[in-house]
Amino acid sequence: MFVSIREAAGIISGKESIMKRISVFPLNIRQKVILVLLLLSIVMLIIAAISFNSLLRIEQKQHFVVIADDLSNMILEIRRYEKNYLLYGSPEDLEENRKYIQRSLNVLERIYPDVKDLRVKPLLDIISRELLEYERIMILLSTRDAWNKQLDPVRVEEDLRDHGKNVLALSSELVSFERDTILRIIKNLKANLLTALGIFIALNVFLGTIVLFKIIKPLKIIEKTTLRIAEGNFTPIPVTSARDETQRVIQAFNRMVSELEKRQDQLVQAKKLSSLGTLTSGIAHQLNNPLNNISTSCQILIEELIPLLNSLTESDRQFTEKMLGNIEQEVHRAKDIVKGLLEFSREREFCLTPIFLGQVVERSVRLISSQIPPGIQIVHNIPPDLTLKMDSQRMQQVFLNLIENAVHSMKDAMGEIRIGAETSLSGNSVIITVEDTGKGIPEKVRPHIFDPFYTTKEVGAGTGLGLSIVYGIIQKHFGSISVESREGEGSRFTIHLPIENVC
Numbered sequence: 003m004f005v006s007i008r009e010a011a012g013i014i015s016g017k018e019s020i021m022k023r024i025s026v027f028p029l030n031i032r033q034k035v036i037l038v039l040l041l042l043s044i045v046m047l048i049i050a051a052i053s054f055n056s057l058l059r060i061e062q063k064q065h066f067v068v069i070a071d072d073l074s075n076m077i078l079e080i081r082r083y084e085k086n087y088l089l090y091g092s093p094e095d096l097e098e099n100r101k102y103i104q105r106s107l108n109v110l111e112r113i114y115p116d117v118k119d120l121r122v123k124p125l126l127d128i129i130s131r132e133l134l135e136y137e138r139i140m141i142l143l144s145t146r147d148a149w150n151k152q153l154d155p156v157r158v159e160e161d162l163r164d165h166g167k168n169v170l171a172l173s174s175e176l177v178s179f180e181r182d183t184i185l186r187i188i189k190n191l192k193a194n195l196l197t198a199l200g201i202f203i204a205l206n207v208f209l210g211t212i213v214l215f216k217i218i219k220p221l222k223i224i225e226k227t228t229l230r231i232a233e234g235n236f237t238p239i240p241v242t243s244a245r246d247e248t249q250r251v252i253q254a255f256n257r258m259v260s261e262l263e264k265r266q267d268q269l270v271q272a273k274k275l276s277s278l279g280t281l282t283s284g285i286a287h288q289l290n291n292p293l294n295n296i297s298t299s300c301q302i303l304i305e306e307l308i309p310l311l312n313s314l315t316e317s318d319r320q321f322t323e324k325m326l327g328n329i330e331q332e333v334h335r336a337k338d339i340v341k342g343l344l345e346f347s348r349e350r351e352f353c354l355t356p357i358f359l360g361q362v363v364e365r366s367v368r369l370i371s372s373q374i375p376p377g378i379q380i381v382h383n384i385p386p387d388l389t390l391k392m393d394s395q396r397m398q399q400v401f402l403n404l405i406e407n408a409v410h411s412m413k414d415a416m417g418e419i420r421i422g423a424e425t426s427l428s429g430n431s432v433i434i435t436v437e438d439t440g441k442g443i444p445e446k447v448r449p450h451i452f453d454p455f456y457t458t459k460e461v462g463a464g465t466g467l468g469l470s471i472v473y474g475i476i477q478k479h480f481g482s483i484s485v486e487s488r489e490g491e492g493s494r495f496t497i498h499l500p501i502e503n504v505c
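According to my numbering, the sequence shown is numbered sequentially starting from 3.
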């Protein structure tokens, strides 16, 4: 037994109640689309089942109407031969009359088991009884002279005609009833199809709403945001509370925007460093020759003045030695600055080769150990088997600059510097940390610590290029460097280097 399309409509039409239930159990876009498509499939199956059932019924009824028409035609033949017999008394007409009566009874007997409509069966029973009674009267009428001289022929003929009329009227009623049933089935089928069409349209509108507001609209927002990002506006997209793919896409997009903003800042920084490197390279080359001449002249002057210094008074001799020493010291400092500028701007061949990280750290510590005050202790904990592809000379410079920076941040030349390394949880990179217990970096200074020539040290205590060089070297290793610091508690530089690099 198929359910009616109206019952199916009653089940599906409560869209608001369904959505309220869905809101209790939130579904993502994929699940919502699958749910709507499933409902559409169910509706289509119900429509197909009901339509197929209706077509089967129409086919059965049409077949029954044909039989009912044949039965009605047979009854007309029965009446025709009845009329001929009563007029002419021909035995042939009587015989044909009986044949058609028997055929009609056979038709009724044949179709009776297949009739499922309870309203048709009583009608068939009445037709069958009327035909049997008609047959009995016809037999009685044909044999009245033989067995009953008292039989009233007029009364018998009237009864015969009455039963004949009844049978004909009943057969016509049967045909009309079946045709009306077919028309009623067709009418119901039309109504069901229209109802199904309405449900189908409603579900398609609902699906279109999901696609419009959950897919197309967010994509439009993302499209506008990408254009805004291209113009330099990195404002993130407000995250919805839908808890579906749209929310996750927007969150991922916002993370991408944040990373793009960081990369943009790094790109600006790299461009600044590149431009500054080009400028400083020319300046350094121009300064290097005069500094060499000054240094050479100062050394020659010291050598030439040594015999003459003994003839001077003690105070004059000390003053002269001090002035010449200052000249030589400042020349060396200027040459160090020039060397740093050249190192900052020089494009040397850069190649990554596998090397133990611990060896680079130990070599760096040995090189700078003579400049470390006794009150500062360096502790390094590097796994002995940790190997990275890197430029060992440049990475050594990274550690030298970071250690020197940490030493300068120590109060009263007392404290500890800790160098550590470990593999990240993902296994794709190595995390290197350089921590100190110094005075820390003020918050307003942190954004500028990798800028060239930016320094908080006293005049003459540094060039401000150390951390800029560190930043450039780490970038060349496809890594990143960041700093965390609290004033009075020290600083921690964190370097992320990928394990796999291509030379």
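Glycine included, each C-beta is placed from N, C-alpha and C at the ideal position.
Note that this is a predicted model, so its numbers are computed, not measured.
**OP:** Give the DSSP-derived three-state secondary structure of PHE495 in the structure shown.
**Re:** The count along the sequence shown starts at 1 and reaches residue 495 at position 493. Three-state DSSP puts PHE495 in a strand.
Original post:
If you drop the 5 nearest sequence neighbours on each side, which residues of the same chain put their C-beta closer than 6 Å to that of SER25?
Top reply: Translated into positions along the sequence shown, residue 25 becomes position 23. No answer about SER25 holds up, because its pLDDT of 45 lies below 50 and its placement is not dependable.
**OP:** Answer yes if the stretch 417-427 comes into contact with the stretch 391-399, meaning at least three C-beta pairs across the two stretches below 8 Å, and no otherwise.
**Re:** The way I'd put it, the stretch 391-399 doesn't touch the stretch 417-427; fewer than three beta-carbon pairs between them come closer than 8 Å.
Subject >> Proximity below 8 Å, CB of LEU499 to CB of VAL432 >> reply: Against the sequence shown, residue 499 aligns to sequence position 497. Against the sequence shown, residue 432 aligns to sequence position 430. Closer than 8 Å, so yes.
**OP:** Go ahead and pull the three-state DSSP assignment for ASN55.
**Re:** Stepping through the sequence shown from its first residue, residue 55 is reached at position 53. Reduced to three states, the DSSP call for ASN55 is helix.
Original post:
Looking at C-alpha atoms only, which residue of ARG131, PRO386 and ILE497 is the closest neighbour of SER173?
Top reply: By 1-based counting over the sequence shown, the position of residue 173 is 171. When each option's Cα is compared against that of SER173, the closest is ARG131.
Original post:
By the 10 Å Cβ neighbour count, where 16 or more other Cβ atoms means buried, how is ALA254 classified, buried or exposed?
Top reply: The count along the sequence shown starts at 1 and reaches residue 254 at position 252. With fewer than 16 other Cβ atoms from the protein chains shown falling within 10 Å of its own Cβ, ALA254 counts as exposed.
Subject >> MET325 in three-state terms, based on DSSP >> reply: As a working mapping, residue 325 is identified with position 323 in the sequence shown. In the displayed model, MET325 falls within a helix according to three-state DSSP.
Subject >> Inside the stretch 85-131 only - beta strand (DSSP E) runs reaching at least 3 residues >> reply: Counting only runs of 3 or more, we get nothing.
Subject >> Contacting residues, own chain, Cβ-Cβ under 8 Å from SER487 (five flanking each side not counted) >> reply: Within the sequence shown, the letter at position 485 stands for residue 487. If we look at SER487 and ignore the five residues flanking it on each side, its Cβ neighbours are GLY442, ILE443, ARG448, SER493 and ARG494.
Original post:
Buried or exposed: VAL408, going by 16 or more other Cβ atoms within 10 Å of its Cβ?
Top reply: Taking the first residue of the sequence shown as 1, we reach residue 408 at position 406. For the record, residue 408 in the displayed sequence is Ala; it is not Val. Label assigned to ALA408: buried.
Original post:
Sorted by chain position, which residues of the same chain lie with C-beta nearer than 8 Å to GLU98's C-beta, five sequence neighbours on each side aside?
Top reply: Looking up residue 98 in the sequence shown gives position 96. The answer, listed in chain order, is GLU79 and TYR83.
Original post:
Candidates ASP127, ALA336, ASN328 and VAL156: which alpha carbon is nearest ILE140's?
Top reply: Working through the sequence shown from its first residue, we reach residue 140 at position 138. The question names Ile, but residue 140 is Met in the sequence shown. Of the listed residues, the one whose Cα sits closest to MET140 is VAL156.
Original post:
So, is VAL381 buried or exposed, given that buried needs 16 or more other C-beta atoms within 10 angstroms?
Top reply: Residue 381 sits at position 379 when you count from the first residue of the sequence shown. Exposed, by the Cβ-count rule.
Subject >> Cβ distance (whole Å) where LEU402 is taken to contact LEU359 below 8 Å >> reply: Start at 1 with the first residue of the sequence shown, and residue 402 comes out as number 400. Start at 1 with the first residue of the sequence shown, and residue 359 comes out as number 357. With a Cβ gap of about 15 Å, LEU402 and LEU359 do not count as contacting.
Original post:
Out of LYS192, LEU133, GLU332 and GLU261, which has the shortest C-alpha to C-alpha gap to ALA171?
Top reply: Indexing the sequence shown from 1 puts residue 171 at position 169. The closest CA to that of ALA171, considering only LYS192, LEU133, GLU332 and GLU261, is found on LEU133.
Original post:
DSSP on GLU486, reduced to helix/strand/coil?
Top reply: The residue you call residue 486 lines up with position 484 of the sequence shown. DSSP places GLU486 in strand when its eight states are reduced to three.
**OP:** In angstroms with no decimal places, state the Cα-to-Cα distance between ASN108 and LEU73.
**Re:** In the sequence shown, the residue the question calls residue 108 occupies position 106. In the sequence shown, the residue the question calls residue 73 occupies position 71. Whole-angstrom Cα-Cα distance: 10 Å.
Original post:
How about MET76 and ARG105: do their beta carbons lie closer than 8 Å?
Top reply: The residue given as residue 76 occupies position 74 in the sequence shown. The residue given as residue 105 occupies position 103 in the sequence shown. Against a cut-off of 8 Å, the Cβ pair of ARG105 and MET76 comes out as a contact.
**OP:** Measure the C-alpha to C-alpha separation of ARG23 and ASN30 and round it to an integer number of angstroms.
**Re:** Counting from 1 along the sequence shown, the entry for residue 23 is found at position 21. Counting from 1 along the sequence shown, the entry for residue 30 is found at position 28. Since pLDDT at ARG23 reaches only 49, below the 50 mark, its modelled position is unreliable, and no value is offered.
**OP:** Please go through the same chain and pick out, in chain order, the residues whose beta-carbon is closer than 8 Å to the beta-carbon of LEU89, but skip the five residues on each side of it.
**Re:** Counting from 1 along the sequence shown, the entry for residue 89 is found at position 87. Excluding sequence positions up to five before and after LEU89, its CB lies less than 8 Å from no other CB in the same chain.
Subject >> First and last residue of the uninterrupted beta strand (DSSP E) at GLN379 >> reply: For this step, residue 379 is matched to residue 377 along the sequence shown. 378-383 is the extent of the beta strand (DSSP E) around GLN379.
Subject >> CA nearest to the CA of PHE179, picked from ILE252, ARG121, LEU262 and TYR114 >> reply: Against the sequence shown, residue 179 aligns to sequence position 177. Comparing Cα-Cα distances from PHE179 to each of ILE252, ARG121, LEU262 and TYR114, the minimum goes to ARG121.
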